[in-house]
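Peer 1: Chains as they are written, first to last, in the working numbering: chain A, 1 to 249; chain B, 1 to 249.
We put the beta carbon where it would ideally sit given N, CA and C, even for glycine.
What you are looking at is a predicted structure, and each value in this text was computed from that prediction instead of being measured.
I have a structure here, written as structure tokens, and I will follow up with some questions on it.
There are 2 protein chains.
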Amino acid sequence: MSVEDAPVRFDQILMEPAYRKVAAAIGERILSRSLREGERLPPETELARQFGVNRSTVREALRELESGGLVKRRPGSKLMSVSRPQHDAIAEGVSRALVMHDVTFLEVWEALTIIEPPIAEAAARTRTAEDLAGITAAAERFAAQNAATERAVHYAAEFFRSVGRATHNQVLGLAQEPLLQLLEPSLRVMIDKVPQARSRIATAQKRIAEALQARDVDGARSWMTKHIRDFRKGYEIAKIDLELRVTAD
Amino acid sequence: MSVEDAPVRFDQILMEPAYRKVAAAIGERILSRSLREGERLPPETELARQFGVNRSTVREALRELESGGLVKRRPGSKLMSVSRPQHDAIAEGVSRALVMHDVTFLEVWEALTIIEPPIAEAAARTRTAEDLAGITAAAERFAAQNAATERAVHYAAEFFRSVGRATHNQVLGLAQEPLLQLLEPSLRVMIDKVPQARSRIATAQKRIAEALQARDVDGARSWMTKHIRDFRKGYEIAKIDLELRVTAD
DNA sequence: ATCGTATGATTGTCGGACAAACCGGCAACT
DNA sequence: AGTTGCCGGTTTGTCCGACAATCATACGAT
Numbered sequence: 001m002s003v004e005d006a007p008v009r010f011d012q013i014l015m016e017p018a019y020r021k022v023a024a025a026i027g028e029r030i031l032s033r034s035l036r037e038g039e040r041l042p043p044e045t046e047l048a049r050q051f052g053v054n055r056s057t058v059r060e061a062l063r064e065l066e067s068g069g070l071v072k073r074r075p076g077s078k079l080m081s082v083s084r085p086q087h088d089a090i091a092e093g094v095s096r097a098l099v100m101h102d103v104t105f106l107e108v109w110e111a112l113t114i115i116e117p118p119i120a121e122a123a124a125r126t127r128t129a130e131d132l133a134g135i136t137a138a139a140e141r142f143a144a145q146n147a148a149t150e151r152a153v154h155y156a157a158e159f160f161r162s163v164g165r166a167t168h169n170q171v172l173g174l175a176q177e178p179l180l181q182l183l184e185p186s187l188r189v190m191i192d193k194v195p196q197a198r199s200r201i202a203t204a205q206k207r208i209a210e211a212l213q214a215r216d217v218d219g220a221r222s223w224m225t226k227h228i229r230d231f232r233k234g235y236e237i238a239k240i241d242l243e244l245r246v247t248a249d
Numbered sequence: 001m002s003v004e005d006a007p008v009r010f011d012q013i014l015m016e017p018a019y020r021k022v023a024a025a026i027g028e029r030i031l032s033r034s035l036r037e038g039e040r041l042p043p044e045t046e047l048a049r050q051f052g053v054n055r056s057t058v059r060e061a062l063r064e065l066e067s068g069g070l071v072k073r074r075p076g077s078k079l080m081s082v083s084r085p086q087h088d089a090i091a092e093g094v095s096r097a098l099v100m101h102d103v104t105f106l107e108v109w110e111a112l113t114i115i116e117p118p119i120a121e122a123a124a125r126t127r128t129a130e131d132l133a134g135i136t137a138a139a140e141r142f143a144a145q146n147a148a149t150e151r152a153v154h155y156a157a158e159f160f161r162s163v164g165r166a167t168h169n170q171v172l173g174l175a176q177e178p179l180l181q182l183l184e185p186s187l188r189v190m191i192d193k194v195p196q197a198r199s200r201i202a203t204a205q206k207r208i209a210e211a212l213q214a215r216d217v218d219g220a221r222s223w224m225t226k227h228i229r230d231f232r233k234g235y236e237i238a239k240i241d242l243e244l245r246v247t248a249d
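Structure below.
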């Protein structure tokens, strides 16, 4: 082999602007728990002084952290404080990503068929009395909403959320949230177009809640499976094309 | 009932700063496909002129969109262009959120036991020849890495990713990504401490790949189940406390 | 004890400024 | 022909200084 064989290669040099370095520096301190939850950040001018950059630069960094949910302004306060990202905010980012990637209803539905039954199963094992109260409350609120579509959709999603919370597994709760967000718009259409949808959903919710109460693992799982499968039937009856791309809110 | 019964209530008035309005305006145009993927945004000065705000305000809005992955700067270009959020970037946000919420290894592992087997099952149905090639390649690369821990961990995660891709369901692929990110650090420790871990992982990967090749739905699922269960055993042997909080990267 | 006010701190937004980097084209050179 | 050097225009990254509006706090008035 001659020395010429391998062409000279260099790694791409990465220039990180100051605002991203500042954001990374603050973010790392938050992630490492060096800055604790709820703790207030110094004012922008002070941060600018400490980092040796301009206040504008600090502000750009703060916007980045803010949209990641690592810092937020507590209502009625000017100073930023460290926060744990809220599930719905994080999920919204995921939802937007999925929308941008042309995800179809079918994909969302398929994901639901995969994760919801095991969630119900886990919830049957771990639910507390309090969890159960929340779940039945959501089911009852859905059943009571015979008129308002908007609220019915909301409580249908809320039912899933309360079951997710009952697993006491935050990963699962967060994983299902984007799916629910993407489900809602189509559910709105479906409930309006399919008369029998409401009663079928209400029945499934009731059966699931009963199984959870009885700690009936298999029952919870199989009723949840039915519940999800019903959605697909509803889509077909409502003639919603499953290959259609989901839309944001 | 006297008229005094219901206390006067007002909804909280929400003041949205200009930078967030600008970000929302641009973001909406992107989500609605009015601005197409890859299209370049006008320069900051022009945006400032159009929105009637200062350039600094536009910049703060851009930072927000940027960290959401909706816009990014293409390498070697100054103008921002519309982009679809990359999976790993989105997943990193989710991972950070989970870390901040004190998620434990047990929760991550439990989530893996729930979503990975169905993913393997789905992959057995939908995988193409190309998918299969990627999966076996990842498995072979893992098996070949008998020395370097870092790479072994990487290819162990890459194996999951390639199986996820084989489902051709983007929702599932994106849902598993944060789990893999959180798994990696602990996997690093585990592989180092448990001598037999490598061979057990390699075997499981091989069996899963074979099942996928044969389109053996049940085999793929059950071997994936074993594969995940093995991780837990590994944790216990390595004496990694499952109640420990996961850490970021 | 509640309310009104004064004071200081902090943010949101603005205007202007400048160096560095990038782009396109054109001239010069090998 | 292909490479190199240079030029002018554009755009970003960063800085500086400024000001009104809002919030925290203390203090005094009712």
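Residue range of the beta strand (DSSP E) that M15/A falls in?
Peer 2: Here M15/A belongs to no beta strand (DSSP E), and DSSP marks it neither H nor E.
Peer 1: Starting from the beta carbon of R221/B, find every residue of chain A whose beta carbon is closer than 8 Å, and list them in chain order.
Peer 2: In chain order: nothing, as chain A lies at least about 11 Å away.
Peer 1: Nearest chain A C-beta to N169/B closer than 8 Å, yes or no?
Peer 2: Judged by the 8 Å Cβ criterion, N169/B is in contact with chain A.
Peer 1: When you compare the CB of G93/B with every CB in chain A, is at least one pair closer than 8 Å?
Peer 2: At least one chain A Cβ lies under 8 Å of G93/B.
Peer 1: Which residues mark the beginning and the end of the beta strand (DSSP E) in which S81/A is found?
Peer 2: Looking at the DSSP string, the run of the beta strand (DSSP E) that includes S81/A is 80-82.
Peer 1: Can you grab the Cα-Cα spacing for the pair G234/A / L106/A, in whole Å?
Peer 2: Computed Cα separation, rounded: 13 Å.
Peer 1: E140/A CB to nearest chain B CB: under 8 Å?
Peer 2: So no, E140/A is outside the interface.
Peer 1: Please tell me whether V18/B has its Cβ less than 8 Å away from any Cβ of chain A.
Peer 2: Note that residue 18/B is Ala in the sequence shown here, rather than Val. Closer than 8 Å: no.
Peer 1: Within 8 Å of any Cβ in chain B, is that where the Cβ of H154/A sits?
Peer 2: For H154/A, the answer is no, since every Cβ of chain B falls outside 8 Å of its Cβ.
Peer 1: Go ahead and label T167/B buried or exposed: buried means 16 or more other beta carbons lie within 10 angstroms of its beta carbon, across all protein chains shown.
Peer 2: The residue is buried, with at least 16 neighbouring Cβ atoms inside 10 Å.
Peer 1: Examine the Cβ distances between the stretch 22-32 of chain B and the stretch 21-32 of chain A and report whether three or more of them are shorter than 8 Å.
Peer 2: With a cut-off of 8 Å, the stretch 21-32 of chain A and the stretch 22-32 of chain B do not count as touching, because too few Cβ pairs lie within range.
Peer 1: Can you check whether the C-beta of G69/A is within less than 8 Å of a C-beta belonging to chain B?
Peer 2: Chain B contact via Cβ: present.
Peer 1: Starting from H101/A, find everything on chain B with Cβ-Cβ shorter than 7 Å and list it in chain order.
Peer 2: R84, Q170, listed in chain order.
Peer 1: What's the call for P118/A, buried or exposed, on a 16-neighbour Cβ count within 10 Å?
Peer 2: The residue is buried, with at least 16 neighbouring Cβ atoms inside 10 Å.
Peer 1: Does the count of Cβ pairs from the stretch 98-105 of chain B and the stretch 94-104 of chain A closer than 8 Å reach three?
Peer 2: Too few Cβ pairs lie closer than 8 Å, so no.
Peer 1: Quick one: measure Cβ to Cβ for F160/A and E116/A, integer angstroms, because I've assumed they're closer than 8 Å.
Peer 2: Sure, about 7 Å apart at Cβ, within 8 Å.
Peer 1: List, in chain order, every chain A residue whose beta-carbon is nearer than 7 Å to that of S56/B.
Peer 2: Correct list: S56.
Peer 1: Closer than 7 Å: is that where the CB of E64/B sits relative to any heavy atom of the ligand MN?
Peer 2: Here there are no bound small molecules, and the ligand MN is not part of this structure.
Peer 1: Could you tell me which residues DSSP puts in a beta bridge with K72/A?
Peer 2: In the DSSP output, where bridge partners are listed per residue, K72/A has S81/A.
Peer 1: Below 8 Å on the Cβ atoms is my guess for S95/A versus A248/A; work out the distance and round it to an integer in Å.
Peer 2: Contact holds; Cβ gap of about 7 Å.
Peer 1: To which residues of the same chain is T225/B closer than 6 Å at the C-beta, ignoring the five residues directly before and after it?
Peer 2: P117.
Peer 1: State the start and end residues of the unbroken alpha helix (DSSP H) segment that holds S67/A.
Peer 2: Element bounds for S67/A: 55-67.
Peer 1: Taking the alpha-carbon positions, what's the R245/A to A48/A distance?
Peer 2: Going from the Cα of R245/A to the Cα of A48/A covers about 44 Å.
Peer 1: Helix or strand or just coil, what does DSSP make of T149/A?
Peer 2: Looking at T149/A - three-state DSSP - the assignment turns out to be helix.
Peer 1: Quick one, which of A209/B, L242/B, I240/B, P75/B has its alpha-carbon nearest V163/B's?
Peer 2: The candidate whose alpha carbon is nearest that of V163/B is A209/B.
Peer 1: Let me check one thing: in DSSP terms, what residues is R245/A bridge-paired to?
Peer 2: BP columns for R245/A point to T104/A.
Peer 1: Would P118/B pass as an interface residue toward chain A - the criterion being a Cβ-Cβ separation below 8 Å?
Peer 2: By this cut-off, P118/B is an interface position.
Peer 1: Can you say whether G76/A is buried or exposed, counting buried as having 16 or more other CB atoms within 10 angstroms of its CB?
Peer 2: Under this definition G76/A is an exposed residue.
Peer 1: Taking beta-carbon pairs under 7 Å, can you tell me which members of the stretch 107-136 of chain B lie near chain A?
Peer 2: Within the stretch 107-136 of chain B, the qualifying residues are E107, V108, E110, A111, I114, I115, P118.
Peer 1: Counting along the chain, where does the alpha helix (DSSP H) carrying P178/B start and finish?
Peer 2: Run containing P178/B: 170-193, per the alpha helix (DSSP H) assignment.
Peer 1: At 7 Å on the CB atoms, spell out the chain B contacts of A48/A, in chain order.
Peer 2: Within 7 Å Cβ-Cβ: nothing; A48/A doesn't reach chain B, min ~14 Å.
Peer 1: Answer with buried or exposed for R63/B, where buried requires no fewer than 16 other C-beta atoms within 10 angstroms of its C-beta.
Peer 2: When all chains shown are included, R63/B counts as buried.
Peer 1: Rounded to the nearest angstrom, what separates R40/B and G69/B at their Cα positions?
Peer 2: Cα to Cα, R40/B sits roughly 14 Å from G69/B.
Peer 1: Taking the Cβ atom as the reference point for each residue, do G281/A and G93/B lie within a distance shorter than 8 Å?
Peer 2: The question about residue 281/A has no answer, for chain A in this structure spans 1 to 249.
Peer 1: Let me check one thing: in DSSP terms, what residues is R229/A bridge-paired to?
Peer 2: Its beta-bridge partners do not exist; DSSP assigns none.
Peer 1: Please name the residues in the stretch 29-41 of chain B whose beta-carbon is closer than 7 Å to at least one beta-carbon of chain A, in chain order.
Peer 2: Taking 7 Å as the Cβ-Cβ cut-off against chain A, the residues of the stretch 29-41 of chain B that qualify are L31.
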